[in-house]
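Structure, as structure tokens:
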């Protein structure tokens, strides 16, 4: 297992370096080193330090957050189709952003992040309430599609009525372009804190993923464990939307791929999902930047092209336990 983690981490570091070096402007590894050690040495170093580095760090942070959130949701609900972008969390955060922009235009970035947390919680609670107590995969997905559509409609309606549609769209377009070190400094601690709690709860999540009957039989406090896990997912999804906008399918794909390598123990699934999600987002962002350089393709489109076939494959495969 250690070899798998070393290999995955090596791939992450390699992808990170390639993502920083590759771009519309010609750069080298030496330029990257200068950007890290002396960002004001020249124009290229400054560009890397102020544009590419925060962008790729954001890709790492968001990819890890969404993948871990998806893994937790799949384990908690035993639903192979669970994903923060598919069951109302990101739609709720998006609606919260629209409300903040329309009614509280002077809100600072920290308050906006907190609003995303509240919106994600509201969206998730609506979906789970509509999906029923049994957490049926297809009922949850159908409820998620309906609630997400409703919340996106609310966000669009508010945006049009109060003329903030452009602001909301620019924020939630689903990309790392324009990410700053200040935004990372605000959001990253929330994500790191939530992921730390997730790793500490990984054994409880493994038990819960078997069945609620097994969990109760082993003495697990279901309500407490579910509340903690749901809180973690809210923080991870809300922080991700606040930083880069709406990105679906990352939390769906990565945990499934990871389980094929590390098995069903969430003590291994969660950290490997974090590494896999970060690597995937770095790759997707690099493709988005280079597929039509110097123009930029929305990374959400790149992720959707890869994620939608995977989603359909999982739907056809059906629920086979996690």
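In the numbering used here, the protein residues as written are 291 to 612. Just so it is clear, CB atoms sit at the ideal spot from N, CA and C, and this is done for glycine as well. Quantities reported herein were computed from a predicted structural model and do not represent experimental measurements.
Margin query: Can you tell me whether residue 585 is helix, strand or coil according to DSSP?
Written below: Annotated three-state conformation of residue 585 is coil, per DSSP.
Expressed to the nearest angstrom, what Euclidean distance is found between the alpha-carbon atoms of residue 510 and residue 365? When rounded, the separation of the alpha-carbon atoms in residue 510 and residue 365 is 15 Å.
Same chain, Cβ closer than 7 Å to residue 389, neighbours up to 5 away in sequence not counted = Here the set comprises 448.
Am I right that residue 263 and residue 521 are in contact with their C-beta atoms under 8 Å? What's the rounded C-beta distance? In this structure the chain extends from 291 to 612, so residue 263 is not present and cannot be described.
Item checked: Pick from 604, 591, 580 that is closest to residue 315, judged by C-alpha positions -> Ranking 604, 591, 580 by CA distance to the CA of residue 315 puts 580 first.
My output table needs one value for residue 592: the three-state DSSP class, helix, strand or coil. Correct three-state label for residue 592: helix.
Q. What is the C-beta distance between residue 361 and residue 604, in whole angstroms, given that I count them as a contact (C-beta under 8 Å)?
A. Contact doesn't hold; Cβ gap of about 14 Å is too wide.
Query raised in the report: DSSP three-state call for residue 319: helix, strand or coil?
Result: Correct three-state label for residue 319: helix.
- Does the stretch 409–421 come close enough to the stretch 468–476 to have 3 or more Cβ pairs within less than 8 Å? These segments do not touch.
Spatial neighbours of residue 454 within its chain, please: C-beta separation below 6 Å, excluding the five flanking residues on both sides.
The beta carbon of residue 454 lies closer than 6 Å to those of 391, 392 in the same chain, with the five residues before and after it left out.
Query - Short Cβ contact (8 Å threshold) for residue 377 with residue 417 - result: Going by C-beta atoms, residue 377 is nearer than 8 Å to residue 417.
query: Taking C-alpha atoms, which residue in 537, 307, 564 lies nearest to residue 549?
result: Closest by alpha carbon: 564.
| request: With DSSP collapsed to three states, give me the class of residue 457. | output: DSSP, reduced to helix, strand and coil, places residue 457 within a helical segment of the structure shown.
Going by C-alpha distance, which of 532, 381, 313 is nearest residue 355? With respect to the C-alpha of residue 355, the residue from 532, 381, 313 having the closest C-alpha is 532.
Return the Cβ separation of residue 343 and residue 325 in integer angstroms, given the expectation that the two are a contact with Cβ distance under 8 Å. 7 Å between Cβ atoms; contact.
Would you mind sorting residue 556 into buried or exposed? The rule is 16 or more other CB atoms within 10 Å of its CB.
Flag for residue 556 reads buried.
For the putative contact between residue 583 and residue 592, defined by C-beta atoms under 8 Å, what is the C-beta separation to the nearest angstrom? Actually they do not touch by this definition, with Cβ atoms about 14 Å apart.
**OP:** Enumerate, from N- to C-terminal direction, the unbroken alpha helix (DSSP H) stretches of 4 or more residues contained entirely within the stretch 481–531.
**Re:** Qualifying alpha helix (DSSP H) stretches, in chain order: 492–500, 502–507.
_Buried or exposed (CB count within 10 angstroms, at least 16 for buried), residue 375_ = When all chains shown are included, residue 375 counts as buried.
Leaving out five residues on either side along the sequence, give the residues of the same chain with a beta carbon under 8 Å from the beta carbon of residue 322.
Excluding positions up to five away in sequence, the list reads 307, 310, 311, 338.
Worksheet item: What is the rounded straight-line gap between the Cα of residue 460 and the Cα of residue 380?
Response: Linking residue 460 to residue 380 through their CA atoms gives a straight-line distance of about 15 Å.
* Supposed contact pair residue 329 and residue 336 - C-beta distance, whole angstroms, cut 8 Å -> Your pair residue 336 and residue 329 checks out as a contact, with CB atoms roughly 6 Å apart and the cut at 8 Å.
Helix, strand or coil for residue 402 per DSSP?
Reduced to three states, the DSSP call for residue 402 is helix.
Does the Cβ of residue 541 have 16 or more other Cβ atoms within 10 Å, making it buried, or fewer, making it exposed?
Of the other Cβ atoms in all chains shown, 16 or more fall within 10 Å of the Cβ of residue 541; this residue is therefore buried.
Take the Cβ of residue 345 as the centre, count every other Cβ of all protein chains shown within 10 Å, and call the residue buried at 16 or more, exposed below.
-> Residue 345 is buried by the Cβ-count criterion.
#### Entry: Euclidean distance between Cα positions of residue 420 and residue 313
About 45 Å.
* Let me know the secondary structure DSSP gives residue 547 once reduced to three states. => DSSP places residue 547 in helix when its eight states are reduced to three.
Review point. Residue 291 and residue 552: beta carbons closer than 8 Å?
Key: Their beta carbons are under 8 Å apart, which means residue 291 touches residue 552 by this criterion.
Next item on the list: Can you tell me which of the three DSSP states residue 440 falls into?
Entry: It is helical.
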